[in-house]
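Numbering (my numbering), first residue to last: 1171 to 1322.
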């Protein structure tokens, strides 16, 4: 479910950033032949700001993931701490996937843009902790800005 939401968000961002400008050449045509369309530029005529969400909006999005009970984001300079509280039925592999998705979401809206299969490099360092409601750690990982994935 998260992957499809991330894919939809990524597709929207991609569409917005690759918009092209077209003009119609208004040449009178006595034989009713089609009027050619001339491509002026393959680059957008205006630069749209990258979509941005606040940390509280990102937390709201993450809390919609199945199994996530609570979430928090803390930023200090170039360091970001992400914390998830997950249901007791969440295993370590699922916890890591939720952590990966949390980093992707934060990176998309607060760091350097859309992530793909690989989270990719960015401008921020991440520390991710996933916990059960009883404060027992399920998974903990870190990703430096130069790394392309989280080290669990």
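Even glycine gets a Cβ: it sits at the ideal position worked out from N, Cα and C.
Residue i - containing alpha helix (DSSP H), residue span
i, result
"residue 1267", "1262 to 1280"
"residue 1310", "Premise fails: residue 1310 lies in the beta strand (DSSP E), 1307 to 1313, not in any alpha helix (DSSP H)."
"residue 1226", "1225 to 1232"
Environment of residue i [buried if 16+ CB atoms lie within 10 Å]
i, result
"residue 1218", "Here residue 1218 scores only 42 on pLDDT, less than 50, and its place in the model should not be relied on; the value that follows carries that caveat. Result: exposed."
"residue 1323", "Because the chain is modelled from 1171 through 1322, residue 1323 falls outside the range shown and cannot be assessed."
"residue 1279", "buried"
"residue 1265", "buried"
"residue 1305", "exposed"
"residue 1313", "buried"
"residue 1274", "buried"
"residue 1166", "Within the shown structure, residues of the chain are numbered from 1171 to 1322, placing residue 1166 beyond reach of any answer."
Whether residue i touches residue j by CB criterion (7 Å)
i, j, result
"residue 1292", "residue 1277", "yes"
"residue 1250", "residue 1229", "no"
"residue 1248", "residue 1294", "yes"
Of the residues the options, the one placed nearest residue i, counting alpha carbons only
i, options, result
"residue 1261", "1311, 1287, 1307 and 1321", "1307"
"residue 1271", "1304, 1239, 1231 and 1282", "1231"
"residue 1255", "1225, 1301 and 1263", "1301"
"residue 1309", "1281, 1287 and 1322", "1322"
"residue 1224", "1281, 1239, 1318 and 1290", "1281"
"residue 1245", "1257, 1236 and 1226", "1226"
Continuous beta strand (DSSP E) stretch holding residue i: start and end
i, result
"residue 1246", "1238 to 1246"
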